[in-house]
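**Student:** Take a look at the following structure, please.
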């Protein structure tokens, strides 16, 4: 341990004065970012347990006699929360599977040097990154395709991401061509090479893209707000939006409160507990994908 500390100190000591200043500044900025992330998280977690009257009058307290789990009980007992949770999970998983499949299939030919028309398709893809049809034409398109108020209106329009395709394409290009040549010598065709040989070595980039897609869809609410009319099809984020932004929790959560002041205090407490519950899937998922995330992201960013 002492040897490691001495080595670290010696490495820092050998840096030029300008590099030392830059490193110190970077560490300070990183520390500020960490504090800016951790402090709100800790506040939300603690505030979700504090009695609403105490929270409003005194703020956070570590007097456990003034803590309560009422907000969690009311949230977990509300049927609309569970419906929204199930819908959000369905949309996120379905969208992730579809997006990963489409992205990987589109990236493969774009990674081949012998693919004719590669420059043309690259141009088309790049144009879509800077220009879009807008909300009204997109809504009319979804309506004419008879996808309004269906799951397809949520998962199909965003199934293909040009950015994800570029990252996957770059990852493909970083795989040695010797692998394909060896497969060809063994008699493997393009389909066999892609599905049985290439994809198994692309686990990091697949996990990275899957995580991006899942988190993006899980946090999305705008498309659902525009295209879904039925309350039974709304994802959790729309329910959360009603509680956080519109300050309108489900009536069943606060129906037994006698006064408007009590309902307002409980509604404030429900905000924090709902945030925690909606974040649980991402907190559970991230540790399983974290070991692939850095490798997939950096490997897909080596080439331009």
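Residue numbers (my numbering): 957 to 1260. From the three backbone atoms N, C-alpha and C, an ideal C-beta is built for every residue, glycine too.
1. Would you call residue 982 buried or exposed, if buried means 16 or more other Cβ atoms sit within 10 Å of its Cβ?
2. I think residue 1080 touches residue 1120, with their Cβ atoms under 8 Å apart; what is that distance to the nearest whole Å?
3. CB residue 1232 to CB residue 1001, shorter than 9 Å?
4. Leaving out five residues before and five after residue 1190 in sequence, what residues of the same chain have Cβ atoms less than 7 Å from its Cβ?
5. With DSSP collapsed to three states, give me the class of residue 1118.
6. By how many angstroms is the C-alpha of residue 1055 removed from the C-alpha of residue 1235?
7. Where does residue 1006 fall in DSSP's three states?
8. Is it buried or exposed, residue 1069, if we count other Cβ atoms within 10 angstroms and call 16 or more buried?
9. For residue 1163 and residue 1153, which I take to be in contact (beta-carbon distance under 8 Å), what is that distance rounded to the nearest angstrom?
10. Do the segment 1080–1095 and the segment 1024–1035 make contact, defined as three or more Cβ pairs closer than 8 Å?
11. Which term fits residue 1111, buried or exposed, when burial requires 16 or more other beta carbons within 10 angstroms of its beta carbon?
12. For chain C, check one thing: does any of its Cβ atoms lie closer than 9 Å to the Cβ of residue 1112?
13. Return the chain-ordered list of same chain residues with a C-beta closer than 8 Å to the C-beta of residue 1142, the five sequence neighbours on each side being excluded.
14. Under 7 Å Cβ to Cβ from residue 1047, same chain only, skipping five residues before and after it: list those, please.
15. Whole beta strand (DSSP E) runs in the segment 1178–1202 with 3 or more residues, listed along the chain?
16. From residue 1014 to residue 1228, what does the alpha carbon distance come to, in whole angstroms?
17. Residues in its own chain within less than 8 Å of residue 1116 by CB, not counting five upstream and five downstream?
18. Measuring CA to CA, which of 1139, 1103, 1033 and 1051 is closest to residue 1171?
19. Report the option in 1225, 1241, 1240 and 1238 whose CA atom is closest to the CA atom of residue 1023.
20. Once you ignore the five residues that flank residue 969 on each side, which residues in its own chain have a CB closer than 8 Å to its CB?
21. Could you spell out the range, first to last residue, of the alpha helix (DSSP H) harbouring residue 1167?
22. Measuring CA to CA, which of 1065, 1244 and 984 is closest to residue 1149?
**Tutor:** Well, looking at it:
1. Position 26 of the chain shown, counted from the start, is the residue given in the question as residue 982. When all chains shown are included, residue 982 counts as exposed.
2. Residue numbering aside, residue 1080 sits at position 124 when the chain shown is read from its first letter. Residue numbering aside, residue 1120 sits at position 164 when the chain shown is read from its first letter. Not quite, the Cβ-Cβ distance comes to about 16 Å (not below 8 Å), so this is no contact.
3. On the chain shown, residue 1232 is found 276 positions in, with the first residue counted as 1. On the chain shown, residue 1001 is found 45 positions in, with the first residue counted as 1. In contact: residue 1232 and residue 1001 (Cβ atoms closer than 9 Å).
4. Working through the chain shown from its first residue, we reach residue 1190 at position 234. Taken in chain order, the residues that qualify are 1040, 1043, 1180 and 1184.
5. For the purposes of this step, residue 1118 is taken as the residue at position 162 of the chain shown. Correct three-state label for residue 1118: helix.
6. On the chain shown, position 279 is the one that residue 1235 refers to. On the chain shown, position 99 is the one that residue 1055 refers to. Taking the straight line from one Cα to the other gives about 22 Å.
7. Numbered from 1 along the chain shown, position 50 holds the residue referred to as residue 1006. In the structure shown, residue 1006 falls within a strand segment according to DSSP collapsed to helix, strand and coil.
8. What you label residue 1069 is simply residue 113 of the chain shown in a count that begins at 1. The C-beta of residue 1069 has fewer than 16 other C-beta atoms within 10 Å across all chains shown, which makes the residue exposed.
9. Residue numbering aside, residue 1163 sits at position 207 when the chain shown is read from its first letter. Residue numbering aside, residue 1153 sits at position 197 when the chain shown is read from its first letter. With 8 Å as the limit, residue 1163 and residue 1153 do not qualify as a contact, their Cβ atoms being about 18 Å apart.
10. Because the criterion of three Cβ pairs below 8 Å is not met, the segment 1080–1095 and the segment 1024–1035 do not touch.
11. Counting from 1 along the chain shown, the entry for residue 1111 is found at position 155. Around the CB of residue 1111, 16 or more other CB atoms lie within 10 Å, so the residue is classed as buried.
12. Considering every chain present, this structure includes no chain C. It has just one protein chain.
13. Along the chain shown, read from residue 1 onward, the residue named residue 1142 stands at position 186. The beta carbon of residue 1142 lies closer than 8 Å to none in the same chain, with the five residues before and after it left out.
14. If you number the chain shown from 1, residue 1047 lands on position 91. Correct list, in chain order: 1107, 1110, 1111, 1173 and 1191.
15. Listed in chain order, nothing qualifies, since the segment 1178–1202 has no complete beta strand (DSSP E) run of 3 or more residues.
16. Within the chain shown, residue 1014 is the residue found at index 58, counting from 1. Within the chain shown, residue 1228 is the residue found at index 272, counting from 1. Straight-line Cα distance between these residues: approximately 17 Å.
17. Reading the chain shown from its first residue, position 160 is the one you call residue 1116. Only 1055, 1058, 1059 and 1062 meet the Cβ criterion.
18. Within the chain shown, the letter at position 215 stands for residue 1171. In this structure, 1051 is the residue among 1139, 1103, 1033 and 1051 with its C-alpha nearest to the C-alpha of residue 1171.
19. Along the chain shown, read from residue 1 onward, the residue named residue 1023 stands at position 67. Ranking 1225, 1241, 1240 and 1238 by Cα distance to residue 1023 puts 1225 first.
20. In the chain shown, the residue the question calls residue 969 occupies position 13. Here the set comprises nothing.
21. What you label residue 1167 is simply residue 211 of the chain shown in a count that begins at 1. Boundaries of the alpha helix (DSSP H) around residue 1167: 1159–1174.
22. Taking the first residue of the chain shown as position 1, residue 1149 is located at position 193. Distance check between residue 1149 and each of 1065, 1244 and 984 places 1065 closest, using alpha-carbon atoms only.
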